[in-house]
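Asks: To convert, note that position 352 of the sequence shown is 481 in our numbering; the numbers rise steadily by one, no gaps.
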Amino acid sequence: MRFYLIGAGVINRTHAEAIYKLEDQSQVEIKVADPNPAALSSFAEQFPQAVTFTDAKEMLSEEPQADDIVIVGTPPFTHFPLSKMALESGRHTLCEKPLVMNREEAEALLEVAKANNRMLGCCSVRFLQVPKTEQVKDILNSGELGDVYKISFVFRGQRGRPGVEWQPQSRWFLDKSKAAGGIVMDWGPYDFSILNDLLQPESIEVAAAWVAKPETEADPTDVVYDIEGAVGAMLKFQQANGKSVWVQYERASCTHGEPYFTVEIEGTRGAVKWSPYFETDQVLVKSDKNGEVVTKEETIAYPGSIGYMDHPVHFFAQKVKGQQSPAIVNEQAIFNFLCLQSIYDSALGQKPVVLKK
Ligand SMILES: NC(=O)c1ccc[n+]([C@@H]2O[C@H](COP(=O)([O-])OP(=O)(O)OC[C@H]3O[C@@H](n4cnc5c(N)ncnc54)[C@H](O)[C@@H]3O)[C@@H](O)[C@H]2O)c1
130 MRFYLIGAGV
140 INRTHAEAIY
150 KLEDQSQVEI
160 KVADPNPAAL
170 SSFAEQFPQA
180 VTFTDAKEML
190 SEEPQADDIV
200 IVGTPPFTHF
210 PLSKMALESG
220 RHTLCEKPLV
230 MNREEAEALL
240 EVAKANNRML
250 GCCSVRFLQV
260 PKTEQVKDIL
270 NSGELGDVYK
280 ISFVFRGQRG
290 RPGVEWQPQS
300 RWFLDKSKAA
310 GGIVMDWGPY
320 DFSILNDLLQ
330 PESIEVAAAW
340 VAKPETEADP
350 TDVVYDIEGA
360 VGAMLKFQQA
370 NGKSVWVQYE
380 RASCTHGEPY
390 FTVEIEGTRG
400 AVKWSPYFET
410 DQVLVKSDKN
420 GEVVTKEETI
430 AYPGSIGYMD
440 HPVHFFAQKV
450 KGQQSPAIVN
460 EQAIFNFLCL
470 QSIYDSALGQ
480 KPVVLKK
């Protein structure tokens, strides 16, 4: 297979590693384009087989093959024009999260994918099909929790801002005109991929939402820093079976409050608590026996050499090959992005917002 990487920064190196795990190195070709000579040369040092370009358009100018894949791994403000160019070059396109900057770009990009009969995927699938979360999905679907009425999805880190404490060299993360937003656009894509995978909603109502920008003495003052660091929302997921589940959602990359990293699903007969991310592999199931709380504890680690970071490329390549795959493409990718946009719309407009499939 041939892979065309746009961007030679941090994330496309992870994607290059994933590509080399996919098939024998002699079976895959990697080309990479980045206008930054330093990024390009250090990429080439790490992956000497890769062919480098300073211009993505030039890289994509050769005749496409049916299973070519472009991976857009650049800052969000470039995702729309670069993904559009990639799709118009006749290639399936896997774009980093957040997919685009806003609703208009999301809808326009779907049209481009359809017009060119190519698939548009988003890397927000990174934490799907993780064994511990699959176990939770089985528990949820088995009915053993009774009627599920609420999920708390709360991830609050005290100091984990990209562009400040995490990857401080990439200051663009702090500038809304480049990053599309703060924690909502950074981690929300993963959170809503997981929630939508678990609950399969027909529609989502953001009943209320807020965003905030907690301040610290380390806040950069020499760059644009106008993104939120904390968000909360109350959402109602309406499912195809007529049932609905409330989701209490909270995310922070910066808070002066207590850190907290957990998802808990509560039903009338039981509850399950776990982290779909890195914090723990424990899955805790609580139920009742003779009026007493009974806790069942399991540890479900990820086996093998394939990890979360390999998922976007592996799932998308499976989809392109016509295999069974959890890749999120086209309409579902747009719906998942619009969940994020709806949180902003509700928080900034101080009103409920309904998003239908
Ligand atoms: N860093 C992470 O851990 C991480 C994890 C998951 C997702 N992501 C996502 O990946 C994307 C990129 O993040 P990153 O951390 O790799 O950023 P980065 O700053 O490390 O790299 C971005 C690269 O894109 C290049 N670039 C910019 N415009 C370009 C263009 N027109 N053509 C080609 N190259 C261009 C820049 O020169 C730079 O080398 C973002 O959407 C981010 O949200 C990052």
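Glycine included, every Cβ here is placed at the ideal spot set by N, Cα and C. In this text, all values refer to a predicted model and were calculated from it rather than measured experimentally.
Beta-carbon separation of arginine 398 and leucine 228 under 8 Å?
Replies: No. Outside cutoff.
Asks: Please report how far the alpha carbon of valine 199 lies from the alpha carbon of alanine 456, in whole angstroms.
Replies: Taking the straight line joining both Cα atoms gives about 15 Å.
Asks: Can you tell me whether lysine 226 sits near ligand 1, meaning its C-beta is under 7 Å from at least one heavy atom of the ligand?
Replies: Lysine 226: yes, Cβ under 7 Å from ligand 1.
Asks: According to DSSP, simplified to helix, strand and coil, what is leucine 228?
Replies: In this structure, leucine 228 counts as coil in the three-state DSSP scheme.
Asks: Quick one: give me the first and last residue of the beta strand (DSSP E) that leucine 278 is part of.
Replies: Here residue 278 is tyrosine; the residue named in the question, leucine, does not match the sequence. Residues 277-285.
Asks: Whose C-beta lies closer than 6 Å to the C-beta of asparagine 141 among residues of the same chain, with five residues either side of it excluded?
Replies: Same-chain partners within the cutoff: Leu134 and Gly202.
Asks: Rounded to whole angstroms, what is the Cα-Cα separation between threonine 428 and methionine 438?
Replies: C-alpha separation (whole angstroms): 21 Å.
Asks: So is the beta-carbon of valine 199 under 7 Å away from any non-hydrogen atom of ligand 1?
Replies: It does not: the Cβ of valine 199 is nowhere closer than 7 Å to a heavy atom of ligand 1.
Asks: By DSSP's criteria, methionine 363 is part of a beta bridge. Which residues make up the other side?
Replies: According to DSSP, methionine 363 bridges with Ala337 and Gln377.
Asks: Excluding the 5 residues flanking glycine 219 on each side, which residues of the same chain have their C-beta closer than 6 Å to its C-beta?
Replies: These residues qualify, in order along the chain: Pro193.
Asks: Using the Cα positions of glycine 310 and leucine 216, report the straight-line distance between them to the nearest angstrom.
Replies: Rounded to whole angstroms, glycine 310 to leucine 216 spans 25 Å at the Cα level.
Asks: To the nearest whole angstrom, what separates the beta carbons of tryptophan 403 and valine 265, a pair I think is in contact under 8 Å?
Replies: About 6 Å; that satisfies the 8 Å criterion.
Asks: Answer yes or no: do valine 241 and lysine 261 have a C-beta to C-beta separation smaller than 8 Å?
Replies: Taking 8 Å as the Cβ cut-off, valine 241 and lysine 261 do not qualify as a contacting pair.
Asks: Looking at the structure shown, is threonine 207 part of a helix, part of a strand, or coil, going by DSSP?
Replies: Threonine 207 falls in the helix class under three-state DSSP.
Asks: Residues in the same chain with beta-carbon distance under 8 Å from proline 164, minus the five sequence neighbours each way, listed in chain order, please.
Replies: For proline 164, where only same-chain residues beyond five positions count, the Cβ hits under 8 Å are Thr183 and Asp184.
Asks: Bridge partners of isoleucine 394, per DSSP?
Replies: Looking at the DSSP assignment, isoleucine 394 forms a beta bridge with Ile280 and Val401.
Asks: Counting C-beta neighbours from all protein chains within 10 Å, is the total for glycine 317 16 or more, i.e. buried, or is it exposed?
Replies: By the neighbour-count rule (16 or more Cβ atoms within 10 Å), glycine 317 is buried.
Asks: Rounded to the nearest angstrom, what separates histidine 208 and glutamate 174 at their Cα positions?
Replies: Each residue's Cα considered, the two are about 26 Å apart.
Asks: Please confirm whether any heavy atom of ligand 1 lies closer than 7 Å to the CB of proline 405.
Replies: Not so, every heavy atom of ligand 1 lies at least 7 Å from the Cβ.
Asks: Quick check on DSSP: helix, strand or coil for leucine 134?
Replies: Three-state DSSP puts leucine 134 in a strand.
Asks: From what residue to what residue does the alpha helix (DSSP H) around glutamine 447 run?
Replies: Run containing glutamine 447: 440-449, per the alpha helix (DSSP H) assignment.
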